[in-house]
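Below is one structure, written out as structure tokens, with a few remarks after it.
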Amino acid sequence: MEQNTKKRLQAAACKVRMGVIEGTYNAKSGHPGGSLSIADTLTYLYFNKMNVDPKSPDSADRDRLVLSKGHTAPALYAVLAQKGYFPEEELRSLRHIGAMLQGHPCIHIPGVDMSSGSLGQGISAACGMALAGKLDGKSYKVYAVLGDGEIEEGQVWEAAMFAAHKGLTNLVAIVDNNGLQIDGPISEVCSPEPITDKFAAFGWHVITMDAHDFDDIDRAFSEADSVKDKPVVIVQKSVKGKGVSFMENQVGWHGTAPNKEQYDQAMAELTAQLKGLED
Amino acid sequence: MADVIKKATRESYGEALRDLAEEYPQLVVLDADLAAATKTGIFKKAYPDRFFDCGIAEANMMGVAAGLAACGKIPFASTFAMFAAGRAYEIVRNSIGYPHLNVKIGATHAGISVGEDGATHQCNEDIALMRTIPGMTVINPCDDVEARAAVKAALDFNGPVYMRFGRLAVPVINDPATYKFELGKGVTMRDGSDLTIVATGLMVNEAVQAAETLAAEGISARVVNIHTIKPLDKELIVKCAKETGVIVTAEEHSVIGGLGSAVAEAVTEGCPVPVVKVGVNDEFGHSGPAVDLLKEFGLSAENIAAKAKEALKLKK
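This is the structure in structure tokens:
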């Protein structure tokens, strides 16, 4: 990846992280940890990969993304706002009564392709979208973003079976393997590992990726494009809470909002990171 | 008496999908390994490229239907009522109901008349479950003619629709030449002044027969067919309450949460009169021939007539 592109994406991702902190702080609730672990991938997809246009969010030919791990909506909203789907001020009213931005993604929000949040369901909807694309002879791709805890849901494997059997080669699933879920490490709760072997056994092309290295992200999605005979899953090794020192790899930051002191510290860290990228 | 033609509404469902496919190019059909039973196999034979078997995975099927609808298709997700409304309830609620997607759910083998398969497959709770989902339309047709018309009406309506069909062949009581289906509008099958029997599904025919029995005893019973349980024709129900003073409901469904409850809700708000419910009481079914089970569980003209006489005593 070109250095300029990489810097641009790193800066955009940093702003997304600031949006996550801004949103959850003002909401006094929400899920910063998993939002921060998926921030780079969502930034890459919307700013460097997907065929989308905020001016025509309902275009029939657009690429689609279903945030199956819907609780990380703050990251998606921050990306969509930065992309121009709606004003960035909306992030500050996340989860507020009467606000547009619901606690979990809602299809009626500009840029959101599917309501999600009840885990395990988004990947099925993504399968339906991919199937519709095949039926209509369209060339769009459908991306489904799942959590590693989420794939404990049985419906995910119903969908995995379906996608491979129906030849949904226009579907790319991303599993955010940050290793932590609400009750603790996934290895201690009810381990879904080995994730790559499971998807391979279900007939998917499996790619692994470092979720916080844009060169590697670019490599993984380029490889995904080259696969023509199977649905693709990218299992991304990520750090929950990535970018905010005290949130990194802490299970407690799954579903806790920062208080004022924590907000100030997080924003200071992210501001310094952004300054470093812009210098 | 002339020979009565009998047909299962699941058969009408499969045939209607096939017959409407050409007119509606966006129509696609999903099933969960039950195409031979739900009769979507009829569609599959005619339009194999528009039929998708999801295997025994109803949760995923409902989600796939949601995704197809989000891209402009009109998917008919088909399986037994037990699995459509029961097993997949939360997917129907969150992936179809909440985004208000244009998915049609074809739920066959509803109610006790599933017969020999027994309690695990006899879904008497689906109307209750589906009607609590905001924006969900719930249709329970009474015969072949109404079932076909319901499929067409669902296609012409933009939004999620739950359609309930039966396994058992039931008498065709409507005339296809004159029948008109209007979503959300009840049909007065027979006029009467002493009481109103409000029925749905295969109980409509039983209600008509009960009214004949009652007429022979000098009791004038009105019969109203409610094919659309949601949105309910409250205006008609309240009118019946005002004009006849007492209502008996009849459904092949639990007395908790179904047509009887919906009617009672409307009546208590609009014109409180006694509502006596005929349906499956708070119990599971069991194996047996459908016709015998219907009798045993009181889903018969005889029981409706008996309940009607009891109801009349409650009338003020």
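Residue numbers (the working numbering), protein chains in the order written: chain A, 1 to 279; chain B, 1001 to 1316. Built from N, CA and C at the ideal position, the CB exists for glycine as well. These numbers come from a predicted model, not from an experiment.
Taking a contact to require three or more Cβ pairs closer than 8 Å, the segment 1072-1081 of chain B and the segment 1101-1120 of chain B qualify as touching. Straight-line spacing of the CA atoms in H165/A and G276/A works out to 47 Å. Every beta strand (DSSP E) of 3 residues or more that sits fully in the segment 29-114 of chain A is shown, in chain order, as 64-67.
For the segment 1256-1275 of chain B, the set of positions with a beta-carbon nearer than 8 Å to some beta-carbon of chain A is empty.
Secondary structure at E1252/B: strand, using DSSP grouped into helix, strand and coil.
For the segment 1092-1125 of chain B, the set of positions with a beta-carbon nearer than 9 Å to some beta-carbon of chain A reads R1093, N1094, S1095, Y1098, P1099, H1100, L1101 in chain order. Residue state for C14/A is assigned as helix, using DSSP reduced to three classes.
Here T1228/B is buried. Its C-beta has 16 or more other C-beta atoms within 10 Å. Contacts with chain B (Cβ-Cβ distance below 9 Å) from the segment 103-134 of chain A involve C106, I107, H108, D113, M114, S115, S116, G117, S118, G120, Q121, G122, I123, S124, A125, A126, C127, G128, M129, A130, L131, A132, G133, listed in chain order.
Contact with chain A is absent for A1150/B, since none of that chain's Cβ atoms lies less than 8 Å from the residue's Cβ. Taking 8 Å as the cut-off, the Cβ atoms of I234/A and I207/A count as close. By the 16-neighbour rule on beta-carbons within 10 angstroms, D215/A is exposed. Put simply, of A130/A, A160/A, K49/A, K240/A the residue whose alpha carbon is nearest the alpha carbon of A1066/B is A130/A.
Only those residues of the segment 211-232 of chain A whose C-beta falls short of 8 Å from the nearest C-beta of chain B would be listed, and there are none. Boundaries for Y140/A: no beta strand (DSSP E) harbours it, and the DSSP string shows neither H nor E there. Against chain A, the CB of N1158/B has no partner CB under 8 Å away; the residue lies outside that interface. DSSP places L1101/B in the coil class of the three-state scheme, outside both helix and strand. Of the candidates N1060/B, T1178/B, L1195/B, the residue whose Cα lies closest to the Cα of K1313/B is L1195/B. At least one CB atom of chain A sits nearer than 8 Å to the CB of E1090/B.
Distance from A1199/B to A1207/B at the Cβ level is roughly 4 Å; contact confirmed, criterion being Cβ atoms closer than 8 Å.
Across the structure, A60/A and K141/A are spaced so that their CA atoms are roughly 12 Å apart.
When Cβ pairs closer than 8 Å are counted between the two stretches, the segment 1054-1068 of chain B is seen to touch the segment 1029-1036 of chain B, the count reaching three or more. Here the C-alpha atom of V175/A lies approximately 11 Å from the C-alpha atom of Y143/A. Setting aside the 5 residues that flank it on each side, W204/A is surrounded in the same chain by A160, A163, A164, A173, K230, P231, V232, V233, each with a C-beta closer than 8 Å to its C-beta; the list follows chain order. The Cβ of M1/A sits no closer than 8 Å to any Cβ of chain B. Under the DSSP assignment, G122/A falls in the alpha helix (DSSP H) whose first and last residues are 122-135. Contact between the segment 257-265 of chain A and the segment 1117-1125 of chain B is absent: fewer than 3 CB-CB pairs across the two stretches fall below 8 Å. The beta carbon of M100/A does not come within 8 Å of any beta carbon belonging to chain B, so the residue lies off that interface.
DSSP assignment within the segment 1257-1304 of chain B yields the following whole beta strand (DSSP E) runs of 3 residues or more, N-terminal first: 1275-1280.
Distances from the alpha-carbon of V1170/B to those of K1185/B, A1147/B, Y1089/B, G1285/B put A1147/B closest.
With a cut-off of 8 Å on Cβ pairs, the segment 1239-1247 of chain B is not in contact with the segment 1154-1173 of chain B, counting fewer than three such pairs. Among the residues facing chain A, L1068/B is included, as its CB has a counterpart in that chain under 8 Å away. With respect to the 8 Å criterion, D113/A and A1070/B are classified as neighbours on the basis of their beta carbons.
The CB of K1073/B comes closer than 9 Å to the CB of G128, L131, A132, L135, D136 in chain A, given here in chain order. Bounds of any alpha helix (DSSP H) do not take in A211/A, whose DSSP letter is neither H nor E. With contact defined as three or more Cβ pairs closer than 8 Å, the segment 1282-1292 of chain B and the segment 1147-1159 of chain B are not in contact.
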